[in-house]
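Participant:
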Amino acid sequence: MFTTLLWLKETDSTQNRLKEWNVKYGTVIVADYQSQGRGRLGRKWISQEGGLYFSFLEDPNNFPSLIEIPLVVGYSIATSLEKLTGVSFSLKWPNDIYYRNKKLSGILCELYKNKLVVGIGINVNQEKVPEEIKDRATTLRLITGKEWNRREVLLKILENIEKDLDLFRKRGFKAFKEKVEKKLSFIGKEVKVIGGEKEIRGKFIGISSRGGALILTDEGLREFLSGDLSLRGEF
13 MFTTLLWLKE
23 TDSTQNRLKE
33 WNVKYGTVIV
43 ADYQSQGRGR
53 LGRKWISQEG
63 GLYFSFLEDP
73 NNFPSLIEIP
83 LVVGYSIATS
93 LEKLTGVSFS
103 LKWPNDIYYR
113 NKKLSGILCE
123 LYKNKLVVGI
133 GINVNQEKVP
143 EEIKDRATTL
153 RLITGKEWNR
163 REVLLKILEN
173 IEKDLDLFRK
183 RGFKAFKEKV
193 EKKLSFIGKE
203 VKVIGGEKEI
213 RGKFIGISSR
223 GGALILTDEG
233 LREFLSGDLS
243 LRGEF
């Protein structure tokens with residue numbers, strides 16, 4: 013599935029490169045530094061030296077659905093890192109990988125013309141995180157106390173993503189739902205979900221067959237296919 017790997021010293025955004033360059037499906041672009049790295053909802057992703065920042069290009073028509081892609085890719089990354097480090101990681105719906113209560117990695121999926129561009133940022137060898145997010149973010153180096161070969165980490169993750177996306181292509185999200193649900197943070201907890209202009213509060217009881225967050229509110233059970241989810245106390 014992944015046929016070409018381009019490693020850049022610096023770029024504005026690996027997402028932008030795959031959108032704008034005429035490259036084949038299966039191309040992966042990695043950058044040591046991004047001047048305009050971003051996450052979901054246009055948020056800035058701080059691309060410090062020592063991190064791993066990459067995007068890959070897929071044909072969106074190859075998949076039964078696109079809604080679940082962030083959860084499938086997140087599961088792939090989490091399990092890859094667990095095999096490498098021996099440390100357990102969790103998923104924060106819909107697109108983040110966490111260690112305890114701190115963010116390690118984020119995923120951005122964008123549909124552009126006939127391109128599915130999936131971007132991933134992982135904090136790897138940074139010895140510290142910016143002051144403004146130090147209580148909410150961490151790195152592999154801080155977690156394990158050792159420096160990592162970023163190329164080896166990348167290749168392990170790509171191998172796992174390739175395998176899992178192939179399974180998703182063949183069997184759909186049903187092959188992942190139970191496994192993903194077991195790794196989700198905040199299951200059974202009181203949470204708030206912000207989607208668009210609305211904020212909904214209730215108990216996070218799991219995910220639907222299409223990866224939506226199932227929230228039990230005072231008005232009944234609701235499904236969210238997008239939005240931000242956090243613990244009730246985090247505001």
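Just so we're aligned, residue 13 is where the sequence shown starts under our numbering, counting upward by one.
All C-beta atoms in this analysis are idealised placements derived from N, C-alpha and C, irrespective of residue type, glycine included.
Nothing here was measured: the structure is a model prediction, and the numbers come from that model.
#1: Which term fits residue 112, buried or exposed, when burial requires 16 or more other beta carbons within 10 angstroms of its beta carbon?
#2: Taking 8 Å as the limit between beta carbons, can you name the residues of its chain near residue 99, skipping five residues before and five after?
#3: How close, in whole Å, do the beta carbons of residue 216 and residue 198 come, if the pair is a contact with beta carbons under 8 Å?
#4: Taking residue 142 as the reference, give the member of 61, 235, 230 with the closest Cα.
#5: Would you tell me roughly how many angstroms separate the C-alpha atoms of residue 97 and residue 231, rounded to the nearest one?
#6: Report the rounded CA-to-CA distance for residue 213 versus residue 192, giving the unit in angstroms.
#7: Would you say the beta carbon of residue 206 comes nearer than 7 Å to a heavy atom of the ligand COA?
#8: Just to confirm my understanding: we take residue 168, look at its own chain, exclude 5 residues before and 5 after, and list those with CB closer than 8 Å. What are they?
#9: Where residue 158 and residue 44 are concerned, what is the direct C-alpha to C-alpha distance, given to the nearest angstrom?
#10: DSSP state of residue 193, grouped into three classes?
#11: Taking the CB atoms as reference points, tell me whether residue 222 and residue 117 lie closer together than 8 Å.
Facilitator: The structure says:
#1: Counted from its first residue, the sequence shown places residue 112 at position 100. By the neighbour-count criterion, in which 16 or more other beta carbons inside 10 Å mark a residue as buried, residue 112 falls on the exposed side.
#2: The count along the sequence shown starts at 1 and reaches residue 99 at position 87. Result list for residue 99: 93, 111, 155, 156, in chain order.
#3: Here residue 216 is taken as the residue at index 204 of the sequence shown, counted from 1. Here residue 198 is taken as the residue at index 186 of the sequence shown, counted from 1. Contact flag correct, Cβ pair sits at about 5 Å.
#4: Against the sequence shown, residue 142 aligns to sequence position 130. The candidate whose alpha carbon is nearest that of residue 142 is 61.
#5: Here residue 97 corresponds to residue number 85 of the sequence shown, with the count starting at 1. Here residue 231 corresponds to residue number 219 of the sequence shown, with the count starting at 1. Taking C-alpha positions only, residue 97 is separated from residue 231 by approximately 43 Å.
#6: To locate residue 213, count along the sequence shown from 1; it is residue 201. To locate residue 192, count along the sequence shown from 1; it is residue 180. Those two C-alpha atoms are separated by around 22 Å.
#7: In the structure shown, the ligand COA is absent, as is every other ligand, since no ligand is present at all.
#8: One-based indexing of the sequence shown puts residue 168 at position 156. Here the set comprises 92, 95, 96.
#9: Numbered from 1 along the sequence shown, position 146 holds the residue referred to as residue 158. Numbered from 1 along the sequence shown, position 32 holds the residue referred to as residue 44. When rounded, the distance between both Cα atoms is 19 Å.
#10: Here residue 193 refers to the residue found at position 181 when the sequence shown is read from its first residue. Helix at residue 193.
#11: Counted from its first residue, the sequence shown places residue 222 at position 210. Counted from its first residue, the sequence shown places residue 117 at position 105. Contact: no.
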